[in-house]
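Undergrad: FYI, the numbering for the sequence shown is 5 to 307, going by this note's numbering.
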Amino acid sequence: MKSIFKHLLTVFMTCILVVACNQTNTPNPVTTAPISTSGNTPIPIGIGVAQTSNVALLGQEQVIGAKIAEQFFNEKGGVNGTPIKLIFQDTSGDEQGAINAFNTLINQDKVVGIVGPTLSQHAFSADPIADRAKVPVLAPSNTAKGIPQIGDYIARVSAPVAVVAPNAVKAALKINPSIKKVAVFYAQNDAFSKSETGTFQETVKDQGLDLVTVQKFQTTDTDFQSQATNAINLKPDLIVISGLAADGGNLVKQLRELGYKGLIIGGNGLNTSNLLPVCKALCDGILIAQAYSPEHPSEINKA
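(1) Measuring straight from C-alpha to C-alpha, what distance separates Gln66 and Val53?
(2) Classify Asp194 as helix, strand or coil using the three-state DSSP reduction.
(3) Contact between the segment 239 to 258 and the segment 275 to 290: three or more CB pairs below 8 Å?
(4) Since Thr233 is in the alpha helix (DSSP H), which residue starts that stretch and which ends it?
(5) Please classify Leu238 as buried or exposed, where buried requires at least 16 neighbouring CB atoms within 10 angstroms.
(6) Alpha carbon to alpha carbon, what distance is there between Glu303 and Phe92?
(7) Roughly how many angstroms lie between the CA atoms of Thr223 and Val167, to the nearest whole one?
(8) Could you check what DSSP says for Val116 in three-state terms: helix, strand or coil?
(9) Tell me Ser246's beta-bridge partners as DSSP assigns them.
(10) From which residue to which residue does the beta strand (DSSP E) around Leu123 run?
(11) Within its chain, find whatever has a CB closer than 6 Å to the CB of Leu259; leave out the 5 residues flanking it on each side and keep chain order.
(12) Restricting to Cα atoms, I'd like to know which of Thr217, Ile110, Val188 is closest to Thr312.
(13) At 4 residues or longer, what runs of the alpha helix (DSSP H) sit wholly inside the segment 30 to 104?
(14) Measuring straight from C-alpha to C-alpha, what distance separates Pro140 and Gly266?
(15) For Asp214, write down the residues that DSSP places opposite it in a beta bridge.
(16) Provide the residue(s) that pair with Gly270 in DSSP beta bridges, ordered along the chain.
(17) Please report the Cβ distance between Asp214 and Lys178, rounded to the nearest whole angstrom; I am assuming they are in contact, meaning their Cβ atoms lie under 8 Å.
(18) For Ala166, does the three-state DSSP call read helix, strand or coil?
(19) Quick check on the burial criterion: 16 or more other C-beta atoms within 10 angstroms. Buried or exposed for Ser124?
(20) From Gly82 to Asn272, what does the alpha carbon distance come to, in whole angstroms?
(21) Let me know the secondary structure DSSP gives Lys220 once reduced to three states.
(22) Taking just the CA atoms, how far does Val116 sit from Gly270?
(23) For Pro298, which residues of its own chain have a beta-carbon under 8 Å away from its beta-carbon, when the five flanking residues on both sides are left out?
(24) Is Ile110 helix, strand or coil by DSSP?
(25) Please say whether Ile236 and Gly264 have beta carbons closer to each other than 8 Å?
(26) Assess, as a yes-or-no matter, whether the segment 72 to 81 is touched by the segment 91 to 106 under the definition of 3 or more beta carbon pairs within less than 8 Å.
(27) Thr207 to Gly120, Cα distance in whole Å?
(28) Does Thr137 come out as helix, strand or coil in the three-state DSSP assignment?
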């Protein structure tokens, strides 16, 4: 039975990814008749993502995608005529919030599976709870090394940083082949950012580039003047940032305000349109690698 629900979660997460990547597209009319809910108890699926705190810039998009996918999935007939019902719990911005959310979804809401959490750092704390309870978890955005190895009931649909990071650096080199010196920034209090920066730094060295400095910050920081100035003084041709949307966006903004004009690579934590309200026009020149399917028949792929 658990394998059935794990398959259901996989299909559901595929729907989320499809609608999230095509929010600007006009959806095709649904021709399938709506499901009949008479006598059918909805299948409860937990959505444990960040809806508050500085992590909410990422979690808000996941909530929207989940709601759209729920409607889409149910309009297609649900599971043999049985609808799914999403139950939301806010993981907030720390590990304890994720633990509390997962415990509530499993023990109180009795969900058959969970989509979440938003951050890899939260996953390392909360996922073992679900694995011990044999409740399948699918991570929409946990790309740190070691996530699938947490347990047999843990999986992810996001591309691992080991795949994404090297392609981002190669894209920067394609745009500017003269890149030689690289400065790296990362959030030292975030497990994913620490994992991601290791991959970025390894890629920089593998490409024969000079890693001139590694600057640390906290995801709660708002003032990056010192780290940004130290890096800019070394005249880097490329800057790589591993952090979250709020801190990463402010760092980008301050780098530009201090005069840095080169390319900036943003890690997966910056992979959200909610970054734009933070650094606004100063976001120009950021490269963020994202997985997508060229076979998907979207309007963008047809263009």
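Beta carbons are placed, not taken as given, at the ideal position from N, Cα and C, and that holds for glycine. Just so you know, these numbers come straight off a predicted model, no measurement behind them.
TA: Reading from the atomic positions:
(1) Counting from 1 along the sequence shown, the entry for residue 66 is found at position 62. Counting from 1 along the sequence shown, the entry for residue 53 is found at position 49. In a straight line, the C-alpha of Gln66 is about 7 Å away from that of Val53.
(2) Locating residue 194 in the sequence shown gives position 190, where the first residue counts as 1. Coil.
(3) yes
(4) Reading the sequence shown from its first residue, position 229 is the one you call residue 233. Start and end: 229 to 236.
(5) Translated into the one-based positions of the sequence shown, residue 238 becomes position 234. Leu238 is classed as exposed because its beta carbon has fewer than 16 other beta carbons within 10 Å across all chains shown.
(6) Counting from 1 along the sequence shown, the entry for residue 92 is found at position 88. Counting from 1 along the sequence shown, the entry for residue 303 is found at position 299. Those two C-alpha atoms are separated by around 31 Å.
(7) Taking the sequence shown and counting its residues from 1, the one referred to as residue 223 is at position 219. Taking the sequence shown and counting its residues from 1, the one referred to as residue 167 is at position 163. One C-alpha to the other measures close to 24 Å.
(8) Position 112 of the sequence shown, counted from the start, is the residue given in the question as residue 116. In this structure, Val116 counts as coil in the three-state DSSP scheme.
(9) Counted from its first residue, the sequence shown places residue 246 at position 242. Ser246 pairs with Tyr190.
(10) Here residue 123 is taken as the residue at index 119 of the sequence shown, counted from 1. It is not in any beta strand (DSSP E) - Leu123 carries neither H nor E in the DSSP assignment.
(11) Reading the sequence shown from its first residue, position 255 is the one you call residue 259. Cβ contact annotation for Leu259 (same chain, cutoff 6 Å, sequence separation greater than five): Ala232, in chain order.
(12) Only positions 5 to 307 of the chain appear in this structure, which leaves residue 312 out of reach.
(13) With a minimum length of 4 residues, the unbroken runs of alpha helix (DSSP H) contained wholly in the segment 30 to 104 fall at 60 to 79.
(14) In the sequence shown, counting from the first residue as 1, residue 140 sits at position 136. In the sequence shown, counting from the first residue as 1, residue 266 sits at position 262. Taking the straight line joining both Cα atoms gives about 43 Å.
(15) Reading the sequence shown from its first residue, position 210 is the one you call residue 214. Asp214 pairs with Lys185.
(16) As a working mapping, residue 270 is identified with position 266 in the sequence shown. Paired residue(s): Ile245.
(17) Counting from one through the sequence shown, the residue named residue 214 turns up at place 210. Counting from one through the sequence shown, the residue named residue 178 turns up at place 174. Contact annotation, Asp214 with Lys178: C-beta distance approximately 19 Å; criterion of less than 8 Å not satisfied.
(18) As a working note, residue 166 is residue 162 in the sequence shown. In the structure shown, Ala166 sits in a helix (DSSP, three-state: H, G or I).
(19) By 1-based counting over the sequence shown, the position of residue 124 is 120. Label assigned to Ser124: buried.
(20) Reading the sequence shown from its first residue, position 78 is the one you call residue 82. Reading the sequence shown from its first residue, position 268 is the one you call residue 272. The alpha-carbon atoms of Gly82 and Asn272 are separated by roughly 31 Å.
(21) Counted from its first residue, the sequence shown places residue 220 at position 216. Residue state, collapsed to three classes: strand.
(22) The sequence position of residue 270 within the sequence shown is 266, counting from 1. The sequence position of residue 116 within the sequence shown is 112, counting from 1. Straight-line Cα distance between these residues: approximately 35 Å.
(23) On the sequence shown, position 294 is the one that residue 298 refers to. Counting only Cβ-Cβ distances below 8 Å, and skipping sequence neighbours, we find Asn305.
(24) Sequence index remark: in the sequence shown, residue 110 carries index 106 (1-based). The answer is helix: DSSP assigns Ile110 an H, G or I state.
(25) Taking the first residue of the sequence shown as position 1, residue 264 is located at position 260. Taking the first residue of the sequence shown as position 1, residue 236 is located at position 232. In the sequence under discussion, the amino acid at residue 264 is Tyr, which differs from the Gly named in the question. Yes. Within cutoff.
(26) no
(27) The residue labelled residue 207 in the question sits at position 203 within the sequence shown. The residue labelled residue 120 in the question sits at position 116 within the sequence shown. Cα to Cα, the separation comes out at about 28 Å.
(28) Looking up residue 137 in the sequence shown gives position 133. What sits at residue 137 in the sequence shown is Ala, not Thr. The answer is coil: DSSP assigns Ala137 none of H, G, I, E or B.
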